[in-house]
Amino acid sequence: EIEISGAFGFVDAKYDDYFDGSKQHKDERIEDTPRYTGVLGFGYYHDSGFYGRADGHFRGKTSFYDYGKNQVSSSGGVTLDVKLGYRIGDSDIYGYVKNVTNEEYIDYFIDAGILSRAGFNAPRTFGLGISYKL
Numbered sequence: 001e002i003e004i005s006g007a008f009g010f011v012d013a014k015y016d017d018y019f020d021g022s023k024q025h026k027d028e029r030i031e032d033t034p035r036y037t038g039v040l041g042f043g044y045y046h047d048s049g050f051y052g053r054a055d056g057h058f059r060g061k062t063s064f065y066d067y068g069k070n071q072v073s074s075s076g077g078v079t080l081d082v083k084l085g086y087r088i089g090d091s092d093i094y095g096y097v098k099n100v101t102n103e104e105y106i107d108y109f110i111d112a113g114i115l116s117r118a119g120f121n122a123p124r125t126f127g128l129g130i131s132y133k134l
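Going by our numbering, the first residue of the sequence shown is number 1, and it counts up by one from there.
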């Protein structure tokens, strides 16, 4: 059995006319809002119980504001997750790798002068899992 799934979101969020107490924002992108997000997944499930799945996640340009209220942005990125496993009855044994290519992009940005901080998406992670449905 082959499974194909996907989702796409597009956001054109801008301030019409907003004063934040120190700066007027007019027709500027709303902070921390990616322009688009999406996922495209492919799965293969064999009658024997073996399966494999790959999911590509993508995120578009995201705007942030620095301490001087200047707009800065992150270009976004694409990550790939894979999972291989074996199902028998209500049991599932699998291995996975998230962010296979170890793609790095800014996920959030806070600028408070000398206390600026940027956070990045999760790095490549991998593991093994076992699950059982009760």
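All residues carry an ideal CB built from backbone N, CA and C; glycine is no exception.
Below 8 angstroms between beta carbons: does that hold for residue i and residue j?
i, j, result
"K133", "D81", "no"
"I88", "G49", "yes"
"G129", "Y108", "no"
"R124", "K98", "yes"
Starting from the Cα of residue i, find the closest Cα among the options and give me that residue.
i, options, result
"G60", "A7, E28, S22, G76", "G76"
"Y44", "F120, S63, I2", "I2"
"G56", "S63, Q71, V39, F64", "V39"
"K14", "G21, F64, S22", "F64"
"P34", "D92, S73, Y86", "S73"
"Y105", "A112, I114, A118, G113", "A118"
"Y86", "L115, F58, F120, D47", "D47"
"D16", "E31, F8, D27, S22", "D27"
Return the first residue and the last residue of the beta strand (DSSP E) that residue i is part of.
i, result
"G52", "50 to 59"
"K83", "77 to 88"
Going by beta carbon distance, what residues of the same chain come within less than 8 angstroms of residue i, once the five residues before and after it are set aside?
i, result
"F19", "H25"
"F126", "G95, Y96, V97, K98"
"V100", "T79, L80, D81, V82, R124"
"A122", "K98, N99"
"G41", "E3, I4, S5, G6, R53, A54, D55, G56"
Please work out which residues of its chain come closer than 6 angstroms, Cβ to Cβ, to residue i, disregarding the five sequence neighbours upstream and downstream, and give them in chain order.
i, result
"G52", "Y44, L84"
"S131", "D92"
"F10", "Y36"
"D12", "none"
With DSSP as the reference, label residue i as helix, strand or coil.
i, result
"G6", "strand"
"L128", "strand"
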